[in-house]
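Residue numbers (our numbering): 784 to 1181. Written out below as C-alpha cells is the structure these notes cover.
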Amino acid sequence: MAASNSFIVAGGGIGGLAAALVLARQGHAVQVLEQGDAFGEIGAGIQLGPNVFRLFEHLGLTEAIRQVAYFPPNLVMRDVRSGELVVRAPVGEQTLATYGQPYGVIYRVDLHRVLLDACRALPSISLQVKSKVTGFAQRENGVEVQLVGDRRLSGAALVGADGLWSRVREAIVGDGKPRVSGHIAYRAVLPMRDVPPHLYSPDVTLWGGEKTHLVHYPLRRGELFNLVAVFHSDRYEEGWNTFGDPDELHQRFAQAAPPVKELLARIETWKMWVLCDREPVPNWSQSCVTLLGDAAHPMLQYLAQGACMAIEDAVTLGAALHRCPHDIAEAFRVYQKARYLRTGRVQLTARFYGEIYHASGVMRELRNRMFQSGREAAGFIGTHWLYRGIDPERPLDD
Ligand SMILES: Cc1cc2nc3c(=O)[nH]c(=O)nc-3n(C[C@H](O)[C@H](O)[C@H](O)COP(=O)(O)OP(=O)(O)OC[C@H]3O[C@@H](n4cnc5c(N)ncnc54)[C@H](O)[C@@H]3O)c2cc1C
C-alpha cells in the first residue's frame, strides 16, 4: 500500500477536476482516481450562469473558457404547442451590466478539457484512470482508499466527487438510491451546417408544454447546435448515456408546433438520461472524508446549475482548508456548512422550475401571464440570489 499525505479525489468529472485544481494550487499533492479508461466527458451542452464565470476568473480560466464557449443574446421561452412567445430575457449586455460576468453555454467536453489541461499543467496532481473506488476506511492520520483489483492508497483525506451514484456517499450519508424523477432527457448535438436557417435561433430557446419541453442553443463558438428534449415517463428506472428511442420521443411531441417536430426529426441518434436527484442533506462529511458536486447534492437540470455548483463547491472547499490548515475534519465541516443551504435551495428550486416548464391548465396560464407582464423577465424569475454567486475571495462568509 502506497503511503501518502496527498488528498485523494474520487472521480475525474467536472467537480473532481475543479477540486484537484484548487487543492493543488494551495500546495497540496492530489491524486484523482477515475473509474473510466480515460479522462473525458460525454458530449452535450450545458449552460453556465454568471456565478460560475466569476469563479473562472478567480481560477484564471476565463480566456480558455471564452475560446470555446458561446454567449447567447437571450433566454427565450415559447409554448411548445402554439409556438407563442412566453418570455424573452436578455442575457447579453444586461447580464454583464448586472453581474459583471456573462451568461454562456459550453460543450461539456470543452469545459472538462479546460479543467483537465489546467490540472495536467500542475505536477502535484496525479491523474489515474481505471481506478474505481470501492470503499475506504478512516485511519488515525487520514484515510485508506480501496480500489478495484485489490489496490489500496492512503492519503490525508478523501473527496468523493464520484457523481450521482457515489460510492463515497453511500458510506457517509447512506440515503440509498437517488430519487427517480420520472423525467427523461434525450440529448443530441448537430453540426451547425445540418440546421436549416428557418429552425436556427441564436438564443437559448425552451419550448415548454404539458410534461414535455425542448431546449436548443448553439455551442462551441456557434459551430454546433445542442438539443435536449425532456418528457415524463415512468418506463425507466435507471439509465445514463444509453440510446434513446426516437419513436417514443416523436409520440411525446406529437402535439408540438411544426418547428419543434422538424427539429426533432433531424436527429437519428439520441442519448438518453433518466433524471434523478436527492433530498438535500445538511451533512455530507465524516472526519477526513467529504463529498462534492453531484455526489453531495444531485439536482434536476431545470436551473442548469449542477456543474456550476460543483465548481462553487471546489472554490469553497479550498477556502475552508485555507482557514483551517491543520484540521481537515474541521475544514470539511466549515465547507459543508457554507454550502448546504445554497445547494439545497438549487436542488429544490430546480424541481419547481421543472413544474413551471411542464405546466398545463391554470398553472400554464398563470406562468404565461406572469412572464408576459415583463416584470418577471427582467430578473428571470427570481434567480438573482443564484447568479449573484459566491465571493471567490470570501466564499465562507456569503
Ligand atoms: C440533461 C442534463 C443537463 C444538464 N445541464 C446542466 C447545465 O446546463 N448547467 C450545469 O451547470 N449543469 C448541468 N447538468 C448537471 C451537470 O452535468 C452535473 O451536475 C455535473 O456534471 C456534476 O459533476 P460531478 O463531477 O459532480 O459528477 P459527474 O460528472 O457525474 O462525474 C463523476 C465522475 O466520477 C467517476 N466515478 C464515478 N464513480 C466512481 C468511483 N467509484 N471511483 C472512481 N471514479 C468514479 C465518473 O466516471 C465520472 O467521471 C446537467 C445534467 C443533465 C443530466
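Ideal Cβ placement from N, Cα and C applies to all residues, glycine included.
So the alpha helix (DSSP H) residue 1116 belongs to, where does it begin and stop?
Residue 1116 -> alpha helix (DSSP H) spans 1111-1140.
With DSSP collapsed to three states, give me the class of residue 1089.
Helix.
Could you name the residues that DSSP lists as bridge partners for residue 927?
Answer is 920 and 937.
Can you name, in chain order, every residue of its own chain whose Cβ lies under 7 Å from the Cβ of residue 803, other than the five neighbours on each side?
Around residue 803: 792, 813, 815, 902 and 908.
By Cβ distance, which residues of its chain are closer than 6 Å to residue 1162, with the 5 residues on each side in sequence left out?
Its pLDDT being 45, under 50, residue 1162 is placed unreliably in this model, and the value from its coordinates should be taken loosely. So the list is empty, once near-sequence residues are dropped.
Can the beta-carbon of residue 1074 be found less than 7 Å from the beta-carbon of residue 952?
Contact flag set, yes.
Roughly how many angstroms lie between the CA atoms of residue 1168 and residue 1129, to the nearest whole one?
Distance between the alpha carbons of residue 1168 and residue 1129 is about 10 Å.
Start and end of the alpha helix (DSSP H) containing residue 887?
Counting along the chain, residue 887 falls outside any alpha helix (DSSP H), though it belongs to the beta strand (DSSP E) covering 887-890.
Taking the alpha-carbon positions, what's the residue 800 to residue 1152 distance?
In a straight line, the C-alpha of residue 800 is about 43 Å away from that of residue 1152.
So, with DSSP's three-state summary, where would you put residue 797?
Residue state, collapsed to three classes: helix.
Let's test the definition: count the other Cβ atoms within 10 Å of the Cβ of residue 1030 and tell me whether it reaches 16, buried, or not, exposed.
Classification of residue 1030: exposed, given that the 10 Å Cβ count is below 16.
Are there any heavy atoms of ligand 1 lying less than 6 Å away from the beta-carbon of residue 1094, as far as the coordinates show?
The answer is no for residue 1094.
Return helix, strand or coil for residue 1082, following the three-state DSSP convention.
The answer is coil: DSSP assigns residue 1082 none of H, G, I, E or B.
For ligand 1, is there any heavy atom lying closer than 6 Å to the beta carbon of residue 816?
Residue 816 Cβ: within cutoff of ligand 1.
Compute every distance between the C-beta of residue 916 and the non-hydrogen atoms of ligand 1, then say whether any falls below 6 Å.
Because some heavy atom of ligand 1 lies under 6 Å away, the Cβ of residue 916 counts as near it: yes.
Are the beta-carbon atoms belonging to residue 1000 and residue 855 less than 7 Å from one another?
Yes.
Please state whether DSSP places residue 1056 in a helix, a strand or coil.
Residue state, collapsed to three classes: strand.
Is any heavy atom in ligand 1 found nearer than 6 Å to the beta carbon of residue 990?
Not so, every heavy atom of ligand 1 lies at least 6 Å from the Cβ.
For residue 885 and residue 933, I'd like the C-alpha separation in whole angstroms.
Each residue's Cα considered, the two are about 46 Å apart.
Identify every run of the alpha helix (DSSP H) within the stretch 810-894, keeping only runs that are complete inside it and at least 4 residues long; order them along the chain.
833-842, 845-851 and 876-882, all fully within the stretch 810-894.
Return the residue from the list 1057, 890, 788 and 1107 that minimises the CA-CA distance to residue 1015.
Of the candidates 1057, 890, 788 and 1107, the one whose C-alpha sits nearest the C-alpha of residue 1015 is 1057.
Around the C-beta of residue 983, are 16 or more other C-beta atoms found within 10 angstroms, so that it is buried, or is it exposed?
It is exposed - the Cβ of residue 983 has fewer than 16 other Cβ atoms within 10 Å.
With a threshold of 8 Å on Cβ separation, who are the neighbours of residue 1099 within its own chain once the five nearest residues in sequence on each side are excluded?
These residues qualify, in order along the chain: 1118, 1121, 1122, 1173, 1178 and 1179.
Spatial neighbours of residue 861 within its chain, please: C-beta separation below 7 Å, excluding the five flanking residues on both sides.
Correct list, in chain order: 867, 868, 869, 988 and 990.
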